[in-house]
Structure formats: C-alpha cells, structure tokens
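Here is the structure we will look at, set down as structure tokens.
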Amino acid sequence: MNHRRIVEGWMGDRLYRSLGNEPDVELAWKKIRGLVGHHLFESEYVTVPHFDSTIYYNQMFVFKKKRSLLSCLGFEPPTYKVVGNLDYLVDQDVSTWVPQFDFSPWDVADGLDMYKEYRLNVISDVPGGEIKSIRLVVLGLHARAIPPITPGSLKIHMNLVEDLDRVKRLYIIDEVVFASYIRLNVCIGTEEKTVVYDFPSTPIGFSYRKYSVSPEGEFLREITTTLRICEDATWIRPEPQPVPWCYPSHRPYSTAKKTRSNFTIPTLGDEGRNRRRAWALQAGELRDTRSQVNVNNNAQDDQDPDTPRHIPVRNPRIPRVMAYTN
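With UniProt numbering applied, the sequence shown covers 1 to 326.
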C-alpha cells in the first residue's frame, strides 16, 4: 500500500483574488481547509478550523454550539466555540470517569488510509500577475481516541468559564487525527510566510460526542448526532485558556482492543460505508483519479457542460486544483 499522496496544480481565479497582496497563513488555511480535509479523511472528521490554534482542538477539549433563531431555522450556518478542557473543568471530588487513551487502527475501523506523506502544491497562472502559491506538507498521520463518558460519572464546574452559563448540551472531542509534522508556506510575489509544527502530535482533524448536561454540570446522557459538522459552520477563534500540562497523546495507552461506538461508522460486521475512492499509481505516486469539480475557478468552468473539466494550461499534464471557501 502506497501511503504517499501528492496533489498539485494551478490556482483558480477566485482563490487567486481572495489571497490578497500579502501572505497570510491563516487566510490560506481557511481557503484550502475543506480540500485538505476531503483528501485526508473525507467527511469522517472535522478539519481543524484555525491553523494557529491547533492546540485547542485536542482530545478532551469541550466546545458548544451557540444557538440562534436563524441557525435553528436553517437560514444561517451554526456557530461553534471551544470553551475549555476537561482536565481543567472536571470536578475531581465527585467524578469517577477517567479517560483511557487508545490507538485507532484506521485500516480496520474506518477503511481510511493514513498517509505517511501528503503534499498540496497550488501555484497561480495569471499572465502579467504576481506569482502566488500555497504549499502544504503533512507527515505521519495517526489517530487516537478516548472512550465515551458513562452517564453520571463526570461532573464539571460550570462557573469556571463564562461560556458555560446556562448551557444544556456540550460537545467533547474524543478522537483526533494527529500529524507528526505540518508545514504551510504561502508566497505572494517576493514575500512569503511559513508556519511549521514539528511537534510529534499536532491535531489536524477531530471527531466529537454530544452530551446533555445538567445545570450543576453533570453529564446526563449521550445524544446521537451526525459526525460531520456543516462545511459552512463558523468557528469562533479560541481564546487563550488553560491547557493540560501533558498532551493527551503523551499519556499511556491501553492495550485493550478499541471498540467503535460512533453511530456514523459501521462496525466490522456491517457491510461498511461506500468507499468513494479511486486510486491510480502515476510515476510511483498515489493519485486520485476521480473527476474534480472546479468550485473555485471561473463560473463558466463550473456550469457550462461543454467546457472540459480540466482546461489545458501551460503544462497540460497538471490538472487545475481547487480550494473550498467558507
């Protein structure tokens, strides 16, 4: 099995204009976030929303959904905000739930491939315009999870964080996709900016569980919810807050076999989800052979049925690459 994937091509006009005149790593991540998540784990995990705040999307971090009438009616996307970590919020005097971290074997549990190397290279092709490029390198993907919370076994202090006031439902990040190395480079003209995470376990994607919480902070029961959060969802940038003194990924793991209980992923006895993957080896590298939709190029390219999906450019061997926008 080839665990290397490289995606490269030309930048769409809409993405070219949205990057502005100065390199901005956070803005570039926002533009390519949906595409990167689709390449790495399709809709099984939520891609980390803010590239400069990955530490707040680790295991046992708690986030909430800010409720509004327009959001409930479906007129605007939902809004989420990280409110704290269980290590800081937990009431240790009455709580009996202790997380036991485990390793997640993707090839068995999910049918997804963990890429040891993933590269995304996008460069502009505008005659007379300044060169713009986005280059992303992700190495050593691996996933870890914590077991679900038993009802009545966990209680948190609701008065420690203002955002917990009158909250009835909370989401807990239980499974995280880590990368051992992430490098994002943005170049505009002669200026460039680069952010590198070389920590052994940097979060890049996560899943969650939803629980109902009493006014006193006791976790009552787990609520069935979809794993995938709306792509248009708004994530408020996390505020500086206490984090565990030791990363969850550094703690001891159990040797017991992990049991998946998420309702959106079938067990080994089920038929399994539809694997919408079609891979082909090209020059010793694994590439996606599925047709791609130019969501970020010219409108004519997207809507005109007579226009070919991949329009030849300077190098016809390289297809145009798209990036999702929020």
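Cβ coordinates follow ideal geometry from the N, Cα and C atoms, glycine included. None of these values were measured; they are calculated from a predicted model.
**OP:** With a 10 Å radius around its C-beta and 16 neighbouring C-beta atoms as the bar for buried, classify K66 as buried or exposed.
**Re:** Here residue 66 refers to the residue found at position 66 when the sequence shown is read from its first residue. With fewer than 16 other Cβ atoms within 10 Å, it is exposed.
**OP:** Quick one: give me the first and last residue of the beta strand (DSSP E) that I134 is part of.
**Re:** Counting from one through the sequence shown, the residue named residue 134 turns up at place 134. Counting along the chain, the beta strand (DSSP E) containing I134 begins and ends at 132 to 139.
**OP:** Leaving out five residues on either side along the sequence, give the residues of the same chain with a beta carbon under 7 Å from the beta carbon of residue 327.
**Re:** As shown, the chain starts at 1 and ends at 326. That puts residue 327 outside it, with no answer to give.
Original post:
For the beta strand (DSSP E) that S212 lies in, which residues bound it at each end?
Top reply: Residue numbering aside, residue 212 sits at position 212 when the sequence shown is read from its first letter. Where S212 is concerned, the enclosing beta strand (DSSP E) stretches over 202 to 213.
Original post:
Between I204, E76, K64, which lies nearest to L136 when the distance is taken from Cα to Cα?
Top reply: As a working mapping, residue 136 is identified with position 136 in the sequence shown. Per the Cα distances, I204.
Original post:
Of all the beta strand (DSSP E) runs that stay within the bounds of the segment 33 to 69, which reach a length of 3 or more residues?
Top reply: The segment 33 to 69 is shown to contain whole beta strand (DSSP E) runs of 3 or more residues at 61 to 66, in chain order.
**OP:** Return the CA-CA distance between I223 and R209, expressed in angstroms with no decimal places.
**Re:** The count along the sequence shown starts at 1 and reaches residue 223 at position 223. The count along the sequence shown starts at 1 and reaches residue 209 at position 209. Between I223 and R209, the C-alpha separation is close to 8 Å.
**OP:** Mark D174 as exposed unless 16 or more other C-beta atoms lie within 10 angstroms of its C-beta, in which case mark it buried.
**Re:** Taking the first residue of the sequence shown as position 1, residue 174 is located at position 174. Looking at its Cβ environment, which holds 16 or more other Cβ atoms inside 10 Å, D174 is buried.
**OP:** Figure out for me which residue from P78, Y16, V167, I6 has the closest Cα to the Cα of V126.
**Re:** For the purposes of this step, residue 126 is identified with residue 126 of the sequence shown, where counting begins at 1. Of the candidates P78, Y16, V167, I6, the one whose C-alpha sits nearest the C-alpha of V126 is Y16.
Original post:
Do the CB positions of K81 and L170 come within less than 8 Å of each other?
Top reply: Position 81 of the sequence shown, counting from 1, holds the residue named residue 81. Position 170 of the sequence shown, counting from 1, holds the residue named residue 170. No, Cβ-Cβ distance for K81 and L170 is not below 8 Å.
**OP:** Kindly indicate which residue of S133, E216, M11, L89 has the alpha-carbon position closest to the one of V25.
**Re:** Locating residue 25 in the sequence shown gives position 25, counting from the first residue. For V25, the nearest C-alpha among the options comes from S133.
Original post:
Which partner residues does T234 have in the DSSP bridge list?
Top reply: Walking along the sequence shown from the start, residue 234 turns up at place 234. Its beta-bridge partners are T79.
Subject >> Cross-strand partners of L170 (DSSP beta bridge) >> reply: Counted from its first residue, the sequence shown places residue 170 at position 170. Note: L170 sits in a beta bridge opposite Y211.
**OP:** Run the CB neighbour count on N58, radius 10 Å, all protein chains shown included, and call it buried at 16 or more, exposed below.
**Re:** Along the sequence shown, read from residue 1 onward, the residue named residue 58 stands at position 58. The residue in question, N58, is buried, as its Cβ has 16 or more Cβ neighbours within 10 Å.
Original post:
By how many angstroms is the C-alpha of G152 removed from the C-alpha of T79?
Top reply: Taking the first residue of the sequence shown as position 1, residue 79 is located at position 79. Taking the first residue of the sequence shown as position 1, residue 152 is located at position 152. In a straight line, the C-alpha of T79 is about 28 Å away from that of G152.
Original post:
So, helix, strand or coil for V7, using DSSP?
Top reply: Stepping through the sequence shown from its first residue, residue 7 is reached at position 7. Residue state, collapsed to three classes: strand.
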